[in-house]
Amino acid sequence: MRPQIVNLILSATAYRLSMDRFLESFPAPAGDCWSNWINHGRDGGNAAVRAHVTAQTAAFAEKILNSVQAPPATMLDIGSGDGLMAWAALSRWPCVKMTMTDISPALLLQAQIEAIRRGADHQCFFMLANAETLENVADRSQDLVTSRSALAYVVDKPAAFRAAFRVLKPGGMISIAEPLFREQALSLGALQMAPSDTVNLLLELLCRWKAAQFVDPIGGAPPNQLTSYTERDLLSFAGHAGFQDLHLELHIDERQAPPRDWEAFCAMSPHPLAPSSAEILTARFSPAEQKILEAALRPSVEKGGFSITTRMIYLCGRKAG
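Heads up, the sequence shown is in my numbering, so the first residue is 729 and it goes up one at a time.
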C-alpha cells in the first residue's frame, strides 16, 4: 500500500477532508417545492430568520420526543425533510435504527448525505414513500412513528394514521406535531365577507395576497388538505385507526417577528405549497398595487413590527400490545 494512502487512512483530518470532497461530488438533486421551501423559502435566505427557524423547529422536535416513555430500538419518521427528527432522536438514542420517509427525492438525498457526514449512515434507512400507505415498510416493524409538519399536507389523513398503526409493533407509540392553518384561512374568509363600504383598498389588497397562500376551508371544493382539519379531527383519526391512551395539546404562541430585509421577506412563503410573496406580487398585482403594498408593509417588516401567531397540535398515542 502506498505511504500516502496509509497516511490518509491514519489521519483523521485527511479523512475528514477526503469525505467532504467525496460528499461534494454528489450530483445536486433536482429541486422540488418541498426541498426549495426547506432550503430557502421558509427563511428567504436571511441568516437571522434561519437561526430563529432552526431554534423553533428544534424545540418542536424535542417536544415530540419528550412524549416517548421508553427508548425505541426502531423509529420511522414520516416526511423527514432534511432529517430534523432523525438527528434529534439520534442525539438521544444513539443506537436507534432510523427509517426516514419522504415524497421528495431531493430531500431524501440531502438527508442521506447529512447522515454520512454525521457517521450515522449505517443505522439510517431512506425510503421514498407517501404517508397514506408507507409502502415497503413492514407490518409491526417500528417502536416509534413520528411526524413533524408532514401529515398536514396529506390529503387522506385517516389513511396515514392507519398506515402508522400498521407499521408499529404492539405497544409501539406515535408522536406527532402538526400545524393548524385553519384559523388563518377562516380569518381571511371573515375579511372577505365584510361589507364593501368598510373595506379600504389596502385591506382588499391584503386579502388577495393572503388568499394566494391560505385556501378557504369551507368554500373550497374539494376541501383543502391544509386548512380543512382541526385538532379534534386529528384526535378522531388517531382513535379510529386504533390508537389508545391518546393525549393532545394545542399550543398557540404569539411573538414579535424578527426584523427582516424586504427582499428576504418577499422570498419567503408560509408553507411549501404557497407561492412566495414576490411571486404573488408579480402575478396578482399591478405595478401600482405593488407600490401600495410595499409602502404599507415594508417599514414594519424591516423594523420587526409584525406579530406572528403559531398554532401547533401535539398528539401522541399507543398501539395496544
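No residue lacks a Cβ here, since even glycine has one placed at the ideal position from N, Cα and C.
Cys823: not part of any beta strand (DSSP E); DSSP gives it neither H nor E. For Ile841, the enclosing alpha helix (DSSP H) stretches over residues Pro833 to Arg845. In the three-state reduction of the DSSP assignment, Leu908 falls in the coil class, being assigned neither a helical nor a strand state. In this structure, the alpha-carbon of Trp762 lies about 11 Å from that of Tyr881. Put simply, the backbone Cα of Gln870 is about 9 Å away from that of Met901.
Bounds of the alpha helix (DSSP H) holding Glu790 are Ala775 to Asn794. Assigned with DSSP and collapsed to three states, Gln851 falls in helix. Just measuring C-alpha positions, the residue of Glu982, Pro886, Ile1008 and Thr1038 sitting nearest Asp961 is Pro886. No Cβ-Cβ contact shorter than 9 Å links Ala1024 with Gln941. The straight-line gap separating the alpha-carbon atoms of Gly809 and Ile1020 is approximately 37 Å.
Counting the other Cβ atoms within 10 Å of the Cβ of Asp771 gives 16 or more, which makes it buried.
A distance below 8 Å between beta-carbons, with the five flanking residues on each side excluded, links Thr958 to the following residues of its chain, in chain order: Leu908 and Arg910. Checking the DSSP bridge columns, you'll see Val873 partnered with Leu804 and Ile902. Across the structure, Arg1026 and Asp989 are spaced so that their CA atoms are roughly 8 Å apart. Sequence-distant Cβ neighbours of Lys825 in its own chain, meaning closer than 6 Å and more than five residues away, are Thr802 and Gln851.
For the pair Asn858 and Ser877, the Cα-to-Cα distance works out to about 14 Å. Pro951 and Ala1048 do not touch by the CB rule: their CB atoms are close to 32 Å apart, not below 8 Å. Counting only the Cα atoms, Val781 lies some 28 Å from Ala798. Put simply, the stretch 1029–1041 touches the stretch 976–984. At least three CB pairs are less than 8 Å apart. DSSP, read as helix, strand or coil, puts His768 in helix. With the rule of 3 Cβ pairs closer than 8 Å, the stretch 928–936 does not count as touching the stretch 853–868. Between the alpha carbons of Ala888 and Asp805 lies a gap of roughly 12 Å. Leu872 places its beta carbon 9 Å or farther from that of Val777. Counting of Cβ neighbours within 10 angstroms places Glu863 among the exposed residues, the total staying below 16.
With fewer than 16 other CB atoms across the displayed protein chains lying within 10 angstroms of its CB, Glu790 is exposed. Taking every protein chain shown into account, the CB of Gln953 has 16 or more other CB atoms within 10 angstroms, so this residue is buried. Separation of Asn767 and Leu963 (C-alpha to C-alpha, rounded to the nearest whole angstrom) is 31 Å. Bounds of the beta strand (DSSP E) holding Gly1045 are Ser1035 to Arg1046. A distance of 9 Å or more separates the beta carbons of Leu793 and Ser875.
Residue pairing for Thr829: DSSP places it in a beta bridge opposite Met855.
Cβ neighbours of Leu812 within its own chain (closer than 7 Å, five residues either side excluded): Thr785, Ala789 and Arg876.
Just so you know, the alpha carbons of Ile841 and Asp830 end up roughly 15 Å apart.
In summary, Ala891 is buried, with 16 or more beta-carbon neighbours lying within 10 Å of its beta-carbon over all protein chains present.
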